[in-house]
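Peer 1: Residue numbers (the numbering used here): -1 to 300.
We put the beta carbon where it would ideally sit given N, CA and C, even for glycine.
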Amino acid sequence: MHNLRAILMIIGSMAFFTVEDMFIKQLSKTLPVGQVLLCVAFGGASAFLIWALVRRDPILAARNWRPVILLRAATEAVASVSFVTALSRVDISTVGAVFQSMPLVVTLGAALFLDERVGWRRWSAIGVGFAGVLMIIRPGLTAFEPQVLWVLITVAAVATRDLMTRVMDVAVPSSVVSFQAFLAVIPAAMFNLWISGDSAAAFTPSLTAMTLMAISAGVLGYALIVAGMRIGDASAVTPFRYARLVFTMIGGILVFGERPDLMTYLGSALIIASGLYSFLRERKLARLDRETLIADLEAPRI
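1. Is the beta carbon of Met133 sitting closer than 8 Å to the one on Leu268?
2. For Ser80, is the classification buried or exposed, using 16 other Cβ atoms within 10 angstroms of its Cβ as the cut-off for buried?
3. With H, G and I counted as helix, E and B as strand and the rest as coil, what does DSSP make of Phe201?
4. Report yes if the C-beta distance between Ser86 and Val31 is below 8 Å; otherwise report no.
5. Quick one: what's got a C-beta closer than 7 Å to Ala154's C-beta in the same chain, skipping five residues either side?
6. Short of 6 Å in beta carbon distance, which residues of its chain neighbour Asp160, apart from the five on each side in sequence? Order them along the chain.
7. Considering only the beta carbon of each residue, do Val34 and Leu47 sit closer than 8 Å?
8. On the premise that Gly216 lies in contact with Val38, defined as a C-beta separation below 8 Å, what is that separation, rounded to the nearest angstrom?
9. Could you compute how far the alpha carbon of Tyr263 sits from the alpha carbon of Gly10?
10. Helix or strand or just coil, what does DSSP make of Arg3?
11. Does the ligand MG have a heavy atom nearer than 7 Å to the CB of Gly130?
12. Please classify Leu68 as buried or exposed, where buried requires at least 16 other C-beta atoms within 10 Å of its C-beta.
13. Counting pairs of Cβ atoms below 8 Å between the region 59 to 74 and the region 178 to 190, do you hit three or more?
14. Residue range of the alpha helix (DSSP H) that Trp192 falls in?
15. In whole angstroms, give me the CA-to-CA distance for Met166 and Gly117.
16. To the nearest angstrom, how far is it from the Cα of Leu58 to the Cα of Ala75?
17. Mapping DSSP to helix, strand and coil, what is Val93?
18. Which of the three DSSP states, helix, strand or coil, is assigned to Ile8?
19. Is DSSP giving Phe111 helix, strand or coil here?
20. For the alpha helix (DSSP H) that contains Ala75, what are its first and last residues?
21. For Tyr240, which residues from the same chain have a beta carbon less than 6 Å from its beta carbon, with the 5 sequence-adjacent residues on both sides left out?
22. Determine whether the beta carbon atoms of Phe14 and Met211 lie at a separation below 8 Å.
23. Do Gly127 and Gly273 have their C-beta atoms closer together than 8 Å?
24. Along the chain, where does the alpha helix (DSSP H) that runs through Ala155 open and close?
25. Going by alpha carbons, who is nearest to Ser150 out of Leu112, Val96, Arg257?
26. Would a C-beta distance cut-off of 8 Å place Ser194 and Asp55 closer than the cut-off?
Shown next, in the form of structure tokens:
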């Protein structure tokens, strides 16, 4: 029963993240990217600061501000700037499809930098997933859109963030980590606004409402995914994170009038299939390792 609740939470969080993305894309049609980022980052930082204070988490503890943690926050800033830039310039369905390759990049990074064991099956899955990405972005062809490279920057930054999370002190509260992430986006958003040369636009009631909706959807999405991952088994809930692509495709078609072509659908299918296979294979290997360890411990000593 707890897994069912967790799955519903994960699906709900993916829906809220999609709503946040759609509001950000809509806002970026009127407001500069830097201004949109600044508003969302300030709102998110405020929400998680309040959460940390309510939980009485040690926000200013020295261990929470070590270089590796601050560097992780910096990767979050890079990811946020590139992701919002991509949303403002590329179809949301394309952004969502390419972004789903991120777990494969994490597996690749873990093999290259964390000495994680990756066999030929998962290497093959990574190759298939990247083939799916190429089918969507189509470099060298007339359908190639250079702005989609912003999504690839996002994928690299988020994968780096997740790899750093694996080696980070688990004692650092998640509320503090989230607060730091949004806090790091604020100067990045200000720099983006300055370097772009855009002037901040005045907020109308409708723009204010959309901004508040984007912030609320993002915070609710994060709260649900944290709760879902904590109460459910990872093997049961993780595959449902791909629901975000389904919601993104639906949102792109219904709200923005997008029409993904066959290559985009096929590439998305390859990315999801390879990502799911890689995840399930990793879980199977972890289970076999545990069974082997238990067998060794229970074996009679001569």
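Peer 2: Let me spell this out:
1. yes
2. buried
3. coil
4. yes
5. Val103
6. Val104
7. no
8. 7 Å
9. 23 Å
10. helix
11. This structure lacks the ligand MG, and indeed carries no ligand of any kind.
12. exposed
13. yes
14. 172 to 194
15. 25 Å
16. 20 Å
17. helix
18. helix
19. helix
20. 65 to 87
21. Ile270
22. no
23. yes
24. 147 to 164
25. What sits at residue 150 in the sequence shown is Leu, not Ser. Taking only the C-alpha atoms, the option nearest Leu150 is Val96.
26. no
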